[in-house]
Amino acid sequence: MRHGWPICVTGGAVLLPAETGFGPGVAAPRMLISAARAVTLKLANQREAAVPEAPVLIRAAEPFDLETARAVADPALDLVHPMKGPFAAEHIDDMEVARTAMELARLAGILPAFLVAPAMDGEVQDVSPADLDAWKDTARLAVASRAHLPVAACEDAEIVAFRSYDDLREHVALVIGEQDGDRAPLVRLHSECLTGDILGSLKCDCGPQLDAALRAMADEARAGGWGVLLYMRQEGRGIGLINKLRAYRLQDQGFDTVDANNRLGLPTEARDFPVAARMLDLLGVHEIRLMTNNPAKVEALEAVGVSVAERVPHQLPPNPHNERYLKTKRDRTGHIL
């Protein structure tokens, strides 16, 4: 899908990704879009869009070509292409098929929108909900390699890499101090953030949180304990780098973090907590002291079998660029700040 290949889910209609699809003269009478996008296009009400990433089938008076489909799919282009429609919503015969397609788009890091049954030639990739379930099976994740890695916060550290043979993402854990099976480690789940961790973005608090977590674990190790940083390859809470930057653009237009994600037809929270649980299990960690300001993260980990003995606050001061971001975390996603 990242390369624009069409898919067919369980014998349903051919679906061509609106963002990456290609081909001369490709057009289709219908599109699959998100419920949140349907609200913006006046095709659904707020109650129907309670699940922003839910699929909605639409048609127009004229077939959708790829240029039109991309304008319909991307809310960041609304100011460039303000006139759209009229459209009408239609019944979806197989909702599981449609939901599978939307989730595959999220995993591919592209906009959740498809041309439905386009007139085109070429090979179609057959997939099914069972394929998606198999891909998400954490039993496939294994330790790929490990090595001693002195870091600035603590020279006594080991890096452990995890890989699943059918997933290109490689998660890592950094074990700080000497592992002690009788003592619950200080643990931080940190989702990859290129802009914050590497480029020093001031729009979020990811980079400072990462640095502070490593320093806290180093202090823990010096006091006879230990820590584990899980660095999860799930940029933008699981929506991908490109979609995160689209959300940034919407934030520049006045939307908060939650509304920006939802207007893209993407969930507010899409992180893969079962993968984190599997990583901890492979490390032999069964009880943790979790560094987080988010009680929902504690609940999500406990729901997948991780015993959280303590929630350890991990709050840092705001700056002028991330103050609204942090207020949104507090007011809309339940962070204790």
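Residue numbers (UniProt numbering): 1 to 337.
Each residue gets a CB set at the ideal place from its N, CA and C atoms; glycine is no exception.
In its chain, beyond the 5 residues on either side, Glu269, Thr333, Gly334 have a beta carbon closer than 8 Å to the beta carbon of Ala296.
Leu149 and Glu158 do touch by the CB rule: their CB atoms are close to 6 Å apart, below 8 Å. No Cβ-Cβ contact shorter than 8 Å links Leu214 with Ala276. For Val56, the three-state secondary structure derived from DSSP is strand. Residue state for Gln251 is assigned as helix, using DSSP reduced to three classes. The alpha helix (DSSP H) runs of length 4 or more contained entirely in the stretch 66-136 are, from start to end of the chain, 66-73, 95-108, 129-135.
About 18 Å separates the beta carbon of Arg278 from that of Val298, a gap too long to meet the 8 Å contact definition. Taken through DSSP and simplified to helix, strand or coil, Asp205 comes out as coil. With a threshold of 16 other beta carbon atoms within 10 Å, Ser307 falls short and is exposed.
As for any beta strand (DSSP E) of minimum length 3 sitting wholly inside the stretch 241-319, the runs are 287-291, 307-312, ordered along the chain.
For Glu235, the three-state secondary structure derived from DSSP is helix. According to DSSP, His148 shares a beta bridge with Glu158. Per the coordinates, the alpha-carbon of Ala300 lies some 34 Å from the alpha-carbon of Pro6. Per DSSP, Leu168 is one residue of the beta strand (DSSP E) stretching across 167-176.
Minimum Cα-Cα distance from Lys136 among the listed residues Pro63, Arg271, Gln251 corresponds to Arg271. Between Leu41 and Gly85, the C-beta spacing is below 8 Å. Excluding the 5 residues flanking it on each side, Asn262 has same chain C-beta neighbours closer than 7 Å at Ala36, Pro52, Thr268, in chain order. Counted as a single uninterrupted DSSP element, the alpha helix (DSSP H) harbouring Val39 occupies residues 35-40. Excluding five sequence positions before and after Gly23, the CB atoms of its chain that fall closer than 6 Å to its own CB belong to Met120, given in chain order. With contacts defined as CB atoms closer than 8 Å, Val72 and Ile33 qualify as a contacting pair. In this structure, Asn294 lies away from Leu202, with their beta-carbon atoms at least 8 Å apart.
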